[in-house]
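Number of protein chains: 2
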Amino acid sequence: MQENYDCVMENLATNPLIEKLKLLMDLTDDEVQVILDLSFKTQKLPKGQSLIPSNSENVSLVMDGWACRYKILSDGRRQITSFILPGDLTGVRACLFGVSDFDTETLTDCVTTLIDGKDIARLFYEAPRLAAAVTWASAREEAMLTEHVVSLGRRNARERMAHLFLELHSRLEIVGFVEKLAYGMPITQEMIADCLGLSIVHVNRTLKAMRKEGLLEYYNGYVILKNAKKLRSICGYDSNHLEGTLHPEIADYDPDA
Amino acid sequence: MQENYDCVMENLATNPLIEKLKLLMDLTDDEVQVILDLSFKTQKLPKGQSLIPSNSENVSLVMDGWACRYKILSDGRRQITSFILPGDLTGVRACLFGVSDFDTETLTDCVTTLIDGKDIARLFYEAPRLAAAVTWASAREEAMLTEHVVSLGRRNARERMAHLFLELHSRLEIVGFVEKLAYGMPITQEMIADCLGLSIVHVNRTLKAMRKEGLLEYYNGYVILKNAKKLRSICGYDSNHLEGTLHPEIADYDPDA
DNA sequence: CGCATCGTTGAGGCTGATCAACTCGGGTGG
DNA sequence: CCACCCGAGTTGATCAGCCTCAACGATGCG
Numbered sequence: 001m002q003e004n005y006d007c008v009m010e011n012l013a014t015n016p017l018i019e020k021l022k023l024l025m026d027l028t029d030d031e032v033q034v035i036l037d038l039s040f041k042t043q044k045l046p047k048g049q050s051l052i053p054s055n056s057e058n059v060s061l062v063m064d065g066w067a068c069r070y071k072i073l074s075d076g077r078r079q080i081t082s083f084i085l086p087g088d089l090t091g092v093r094a095c096l097f098g099v100s101d102f103d104t105e106t107l108t109d110c111v112t113t114l115i116d117g118k119d120i121a122r123l124f125y126e127a128p129r130l131a132a133a134v135t136w137a138s139a140r141e142e143a144m145l146t147e148h149v150v151s152l153g154r155r156n157a158r159e160r161m162a163h164l165f166l167e168l169h170s171r172l173e174i175v176g177f178v179e180k181l182a183y184g185m186p187i188t189q190e191m192i193a194d195c196l197g198l199s200i201v202h203v204n205r206t207l208k209a210m211r212k213e214g215l216l217e218y219y220n221g222y223v224i225l226k227n228a229k230k231l232r233s234i235c236g237y238d239s240n241h242l243e244g245t246l247h248p249e250i251a252d253y254d255p256d257a
Numbered sequence: 001m002q003e004n005y006d007c008v009m010e011n012l013a014t015n016p017l018i019e020k021l022k023l024l025m026d027l028t029d030d031e032v033q034v035i036l037d038l039s040f041k042t043q044k045l046p047k048g049q050s051l052i053p054s055n056s057e058n059v060s061l062v063m064d065g066w067a068c069r070y071k072i073l074s075d076g077r078r079q080i081t082s083f084i085l086p087g088d089l090t091g092v093r094a095c096l097f098g099v100s101d102f103d104t105e106t107l108t109d110c111v112t113t114l115i116d117g118k119d120i121a122r123l124f125y126e127a128p129r130l131a132a133a134v135t136w137a138s139a140r141e142e143a144m145l146t147e148h149v150v151s152l153g154r155r156n157a158r159e160r161m162a163h164l165f166l167e168l169h170s171r172l173e174i175v176g177f178v179e180k181l182a183y184g185m186p187i188t189q190e191m192i193a194d195c196l197g198l199s200i201v202h203v204n205r206t207l208k209a210m211r212k213e214g215l216l217e218y219y220n221g222y223v224i225l226k227n228a229k230k231l232r233s234i235c236g237y238d239s240n241h242l243e244g245t246l247h248p249e250i251a252d253y254d255p256d257a
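So the sequences go chain by chain: A and B.
Residue 171 in UniProt numbering is what sits at position 171 of the first sequence, and the numbering runs on without skipping anything.
Residue 71 in UniProt numbering is what sits at position 71 of the second sequence, and the numbering runs on without skipping anything.
Here's what the structure looks like:
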């Protein structure tokens, strides 16, 4: 974590995460540089902080650590709507459209870089491909939320957990935070429960059962998918929803066409 | 329905729905015209059809009728992830990013106009404000999905139904499909069940209980919110997530700033 | 050492699912 | 014209998945 942070501070451009993002969003070196130039502050946030202060006009790119978006109902029930992982851009909706109906919180210490919302907005005029990349990130978020709705609406506890662990693996793999079928998941069972709409107790029991069946290991903030194939068949997992590339009409725009 | 359809065919520009959308997204007459010019086909779709054929490169703007996005699991369980109402733009993600992981289906006869995905993509270069409007629509969808996640994860049947009916009222009100606290909801209880992650039977019973308490009427495809205030307090409803306007930096871009 | 946080386990209860049967209205074909 | 069927809604009875309450173990930290 610490060395990662230093690396971020010293030279964003050579950060391995940035390299991954470049590939993922099909950006040129110049375009990456535009983003890096816009980033005006790289900071280390302790666990338990808001990723983006409410009323902030900034967008936050997470470089390291886990965070989440959540809503708390009036009686205290909490629903985590999404986990925010390295490489994720948060706060776009809030700053582009002036609505922030959800809170964010760091679940671990995090390294983030901030970009002024105004600058993101100006991308629509000054860097169409980057504006499209922002839209792409937002559409990807939408796809994950849609899958989340399916899980909460029609999958049982076991299927929900299988889906969550597989999706996290896919997401972390893309940004290089995975070792084969294992990855760090530094959050409590309570967070999992609040994400999957279950009680802590039931998460614990389901986890135990899955462990017993040799489906996965989960301890010390570390996940090992022992039987990924079976996990996929349990919940019908398909990583399609995380895929997708820019339409060629955007990627290779030809004004004369 | 029929006269609405004729009206659409004869002159999109004077269609009351288009007027509402103009206000909603803060578009100029010229910008609306750009969209209307791009629309190459207005059609009437019978109930039970796919709104956008898979592999289609088109985006669909619904002018009249109800549709939904859904996913069917391997064993037949179905989850409706969102209802698509007049004024909604569907298929943006599919055509901009080449991923279509969800199906759509018309729940009633629908009137839609089609726009070539390529043209939407080109907006990023040729009409930044319209590209931002498309992003805005996508962000709004994301906000609704987020609320849906909260409902399915942490609200009980009664609260989910209250939230659904209130949100539908808000959405339909914006596009002028509401009469005070009443609106047409031409779908079956099965659709409601599949949207809210409940069984048909339980939807029916919950509805009965809410009717008995004087919270709402629901019959013949018509909803009347008898006690909107109490409904709101039941589920903590807040229409904020449907609000939001373009960042001034986009709305009133000044290249010299 | 004491306290807090997280994980684990048992017992019992409730929300909502499942199964099954019946009603009602509308369409359809004999 | 009527018998029939079909889809949608309604209701009862039973069942199960998950929740709640409660207690206890393990670990880390001041």
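Every residue, glycine too, gets a C-beta built ideally from N, C-alpha and C.
Item                                                                                                               : Value
A/L231 burial status per 10 Å Cβ neighbour count (16 or more: buried)                                              : buried
Span separating the alpha-carbon of A/E243 from that of B/K226                                                     : 45 Å
Those residues which DSSP pairs with B/R211 across a bridge                                                        : B/R211 pairs with nothing; no bridge assigned.
Burial state of A/S233, where buried means 16 or more other Cβ atoms lie within 10 Å                               : exposed
Reduced DSSP secondary structure (H/G/I, E/B, other) of A/T81                                                      : strand
Cβ-Cβ distance between residue 258 of chain B and B/G153 below 8 Å                                                 : Outside the displayed span of chain B (1 to 257) sits residue 258 of chain B, for which this structure offers no information.
Backbone secondary structure at A/E19 - three-state DSSP                                                           : helix
Beta-carbon proximity of B/C110 to B/D75, cut-off 8 Å                                                              : no
Residues that B/N240 contacts on chain A, provided the C-beta gap is smaller than 7 Å                              : V99, D101
Euclidean distance between Cα positions of A/I149 and B/L36                                                        : The sequence given here has Val at residue 149 of chain A, not Ile. Cα-Cα distance, rounded: 33 Å.
Through-space distance from B/R122 to B/S239, alpha-carbon basis                                                   : 32 Å
Contacts of A/H148 in chain B (Cβ-Cβ under 7 Å)                                                                    : V149
Reduced DSSP secondary structure (H/G/I, E/B, other) of A/M63                                                      : strand
Residue interval of the beta strand (DSSP E) (run including A/T146)                                                : Unbroken run through A/T146 is the alpha helix (DSSP H), 128 to 154; no beta strand (DSSP E).
First and last residue of the uninterrupted beta strand (DSSP E) at B/K41                                          : 39 to 45
Any C-beta of chain A under 8 Å from that of B/I250                                                                : yes
Chain B within 8 Å of A/C68, Cβ atoms only                                                                         : no
Contact with chain B by A/T135, beta-carbon distance below 8 Å                                                     : yes
Three CB pairs or more closer than 8 Å across the region 115 to 130 of chain B and the region 21 to 40 of chain B  : yes
6 Å Cβ shell around A/L38 - same chain, five flanking residues per side excluded                                   : I115, D119
Three-state class that DSSP yields for B/E105 in the structure shown                                               : strand
Within chain A, partners of B/L96 - CB distance below 8 Å                                                          : A132, T135, W136, A139, L246, H247, I250
Three-pair Cβ contact test at 8 Å for the region 155 to 165 of chain A versus the region 160 to 174 of chain B     : no
Within-8 Å CB hit, A/R171 to chain B                                                                               : no
For A/E173, three-class secondary structure by DSSP                                                                : helix
Close-in-space but distant-in-sequence residues of the same chain around B/E249 (CB under 6 Å, 5 per side omitted) : none
DSSP beta-bridge partners of B/D88                                                                                 : The partner list for B/D88 (beta bridge, DSSP) is empty, contrary to what the question assumes.
With 16 other Cβ atoms within 10 Å as the buried cut-off, status of B/I174                                         : buried
Status (buried if at least 16 other CB within 10 Å, exposed otherwise) for A/L207                                  : buried
Partners in chain A for B/L152, counting only beta-carbon separations shorter than 8 Å                             : V149, L152, G153, G197
Buried versus exposed call for A/T188 [16 or more other C-beta atoms within 10 Å across all chains shown]          : exposed
Amino acids of chain A, ordered along the chain, whose beta-carbon sits closer than 8 Å to that of B/P46           : Those within 8 Å of B/P46 in chain A number zero; the least Cβ separation is about 26 Å.
Chain A residues whose Cβ lies nearer than 8 Å to that of B/R93                                                    : A139, E142, A143, G244
Local Cβ density within 10 Å of A/A209, reported as buried at 16 or more and exposed below that                    : exposed
Own chain, CB closer than 6 Å to A/E3, minus 5 neighbours either side, in chain order                              : Low per-residue confidence applies at A/E3: pLDDT is 42, beneath 50, and the placement is therefore not dependable enough to give any value.
CB contact below 8 Å: B/P53 versus chain A                                                                         : no
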